[in-house]
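When we follow this note's numbering, the leftmost residue of the sequence shown carries the number 10, and every step to the right adds one.
The beta carbon of each residue, even a glycine, is placed where N, CA and C say it ideally should be.
Keep in mind that this is a model prediction, so the values were computed, not measured.
Worksheet: the structure to be examined is printed underneath.
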Amino acid sequence: MVGHVLRFADPYRELRATAREAGGPWRGTSSRTRPADHLDDYPSENVVGLTMIHDLDAIAWITGERVERVQAHGVRSRDGRWSSVDAHLTLSGGGTWDCHAGWDGADEDTMAVAGASLRIADTDADLTAPNGSTRRFAGAQVVYDLALRAELAHFVDRIHSPGVPTSFDLDAAAGSVRVADALLASLSEGGVQVVGS
């Protein structure tokens, strides 16, 4: 199951609204770093499937486009798992997105697209609009706790009141998993270009 938590996080919702106003073609970047203790805390996971997957989902949600091709390079941990990955994504509308995810730094998430940039750290977060104005948010724990609560409430609401989810669908989840699988294939083949979703 793909976590769609970023779709419920206020800073990402505002970034999406700003980006959609500007429109494509998209040229975006994102980075998501976590401490090296993730290697011990998640012994059967890799950085693509556990950490980068959130950005892969957010990119499709923000742009409304499919990832058509991927190319990735990375570093393996001592036990052979991918622990730091850089990926170049080509979108269906011709735009591109460069992603980084690593279990080799402090907790910090960044995303930039359409002249806007978002940074979320432990103690604070800020979204800078294309005109240079900045909106401040609480730190990562508050932002993501509220987003997870909203995501779970949406899930429970769909159980009690069946209907089409308003923030995501099965195709979105499957598409993100296919892109993650394509990235892993590119990594295992030494960085060749692979069809995305």
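Asked                                                                                                                                                 : Found
By the DSSP assignment, the alpha helix (DSSP H) with T137 in it spans what residues?                                                                 : It is not in any alpha helix (DSSP H) - T137 instead sits in the beta strand (DSSP E) that spans 133 to 137.
Got a sec? Which residues, its chain only, sit under 6 Å from G37 by beta carbon, not counting five neighbours each side?                             : W106, V122
Can you name, in chain order, every residue of its own chain whose Cβ lies under 6 Å from the Cβ of T42, other than the five neighbours on each side? : G111, G114, E117
Does the Cβ of T40 have 16 or more other Cβ atoms within 10 Å, making it buried, or fewer, making it exposed?                                         : The amino acid occupying residue 40 in the given sequence is Ser; Thr does not appear at that position. That one is buried.
Compare the beta carbon distance of G205 and R78 with 8 Å and say whether it is the shorter of the two.                                               : yes
So, helix, strand or coil for G184, using DSSP?                                                                                                       : helix
Count the CB pairs spanning the segment 86 to 105 and the segment 21 to 28 that are closer than 8 Å, and state whether there are at least three.      : no
If you scan the segment 137 to 179 from start to end, which runs of the beta strand (DSSP E) of 3 or more residues do you find wholly inside it?      : 143 to 147
Can you give me the C-alpha to C-alpha distance between L98 and A147, rounded to a whole angstrom?                                                    : 30 Å
Given a cut-off of 8 Å on the beta-carbon distance, is the pair D131 and A149 in contact?                                                             : yes
Checking the sheet assignment: what are the DSSP bridge partners for L100?                                                                            : V76
Taking the C-alpha atoms as reference points, what is the distance between V151 and T72?                                                              : 26 Å
Taking only three categories from DSSP, how would you classify E117?                                                                                  : strand
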